[in-house]
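S.K.:
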Amino acid sequence: MNDSLTDHPLERDLERVLLSEGTIQARVRELGARIDRDYEPGDEPLLVGILKGACIFLSDLLRAIPRHVALDFIATSSYGAGARSSGQVRLLKDLDKPVEGRHILIVEDIIDSGLTLTYLKRMLLARRPASIRIATLLDKPTRRKLPLTPDYVGFTIEDLFVVGYGLDFDERYRNLPVIGVLKPACYQKMDEEAPQAGEPRGRDAKEGTC
Ligand code: IMP
Ligand code: MG
Numbered sequence: 005m006n007d008s009l010t011d012h013p014l015e016r017d018l019e020r021v022l023l024s025e026g027t028i029q030a031r032v033r034e035l036g037a038r039i040d041r042d043y044e045p046g047d048e049p050l051l052v053g054i055l056k057g058a059c060i061f062l063s064d065l066l067r068a069i070p071r072h073v074a075l076d077f078i079a080t081s082s083y084g085a086g087a088r089s090s091g092q093v094r095l096l097k098d099l100d101k102p103v104e105g106r107h108i109l110i111v112e113d114i115i116d117s118g119l120t121l122t123y124l125k126r127m128l129l130a131r132r133p134a135s136i137r138i139a140t141l142l143d144k145p146t147r148r149k150l151p152l153t154p155d156y157v158g159f160t161i162e163d164l165f166v167v168g169y170g171l172d173f174d175e176r177y178r179n180l181p182v183i184g185v186l187k188p189a190c191y192q193k194m195d196e197e198a199p200q201a202g203e204p205r206g207r208d209a210k211e212g213t214c
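Reading the sequence shown from the start, the letters are residues 5 to 214 in our numbering.
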């Protein structure tokens, strides 16, 4: 799979594009329509976005659901600056309102080990919502450490660290409209010394921006 490139300058840091803007948008529209069909008429689901990675997916998905929905956010932290999980989930921001009796739809960018969502699902279930479903844009089922099956999956991908469309590496690349795999040089910059004043950042600076 190597989808077409756009002319976004940050795309120069990608080794390859996995999902183009058009592919993502079309799939998000499908998911929105399916979610709408699956809830009963009159249900007003509460979409709970997991900050920060899910924010772009959430804002597109929200507009693809043709019924009333409410919106809230949760923030967790399980990853340091690197690309792999520390295995610990911490709640950084809770929901604003009680959810008892509400239909909750958790919206996540990607499920990897399943630790984050297992923790959140358990926490939210204790608040006695009417239902909890999970929508994730990406799923990496081969990385699962805990059994967790999302209700809605945009794309199932192999065990790759991806960035773009909300997903970051060290807080960068969330603003890429596509999803792709970074060039190795862009990971390695984390281990290198900070560049001197006036020096380009990273090894690939001529061809990329990292
Ligand atoms: P889990 O708890 O291991 O399932 O981790 C899920 C979280 O890890 C996601 O919400 C992402 O924020 C982050 N994550 C996992 N895989 C990736 C990736 O490939 N790129 C960027 N972030 C990722
Ligand atoms: Mg996340």
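The beta carbon of each residue, even a glycine, is placed where N, CA and C say it ideally should be.
#1: What is the rounded straight-line gap between the Cα of Leu18 and the Cα of Leu109?
#2: For Gly118, count neighbouring Cβ atoms within 10 angstroms of its own Cβ and tell me buried if that reaches 16, exposed if not.
#3: Answer yes if the segment 93 to 112 comes into contact with the segment 29 to 49, meaning at least three C-beta pairs across the two stretches below 8 Å, and no otherwise.
#4: Taking DSSP as the reference, what is the three-state secondary structure of Gly202?
#5: Evaluate the contact criterion for the segment 120 to 135 versus the segment 65 to 76: three or more CB pairs, one atom per stretch, below 8 Å.
#6: Based on Cα-Cα distance, which residue from Arg31, Ile60, Ile138 and Ser81 lies nearest to Tyr50?
#7: Excluding the 5 residues preceding and the 5 following Gly170 in the sequence, name in chain order all residues of the same chain whose CB lies nearer than 7 Å to its CB.
#8: Should Val166 be counted as a contact of ligand 1 given a C-beta to heavy atom distance under 7 Å?
#9: Which ranges does the beta strand (DSSP E) cover as unbroken runs of at least 3 residues, wholly within the segment 152 to 186, from first to last along the chain?
#10: In whole angstroms, what is the alpha-carbon distance linking Met5 and Arg148?
#11: Thr160: buried (16+ other C-beta within 10 angstroms of its C-beta) or exposed?
#12: Indicate the three-state DSSP secondary structure (helix, strand or coil) for Lys149 in the structure shown.
#13: Is any heavy atom of ligand 1 found at a distance shorter than 7 Å from the C-beta of Asp113?
#14: Using CA coordinates, which residue listed in Thr146, Arg176 and Ile54 is at the minimum distance from Glu162?
#15: In this structure, does DSSP put Lys125 in helix, strand or coil?
M.R.: Let's see:
#1: 32 Å
#2: buried
#3: yes
#4: Low confidence applies here, because Gly202 scores a pLDDT of 49, under 50, leaving its location unreliable; read the following figure in that light. Three-state DSSP puts Gly202 in coil, outside helix and strand.
#5: no
#6: This sequence places Leu at residue 50; Tyr is not what is there. Closest by alpha carbon: Ile138.
#7: Gly57, Ala58, Cys59, Ile60, Phe61, Asp113 and Arg178
#8: yes
#9: 156 to 160 and 183 to 186
#10: Residue placement at Met5 cannot be trusted, given a pLDDT of 47 that sits under 50; the coordinates are not used to answer.
#11: exposed
#12: coil
#13: yes
#14: Thr146
#15: helix
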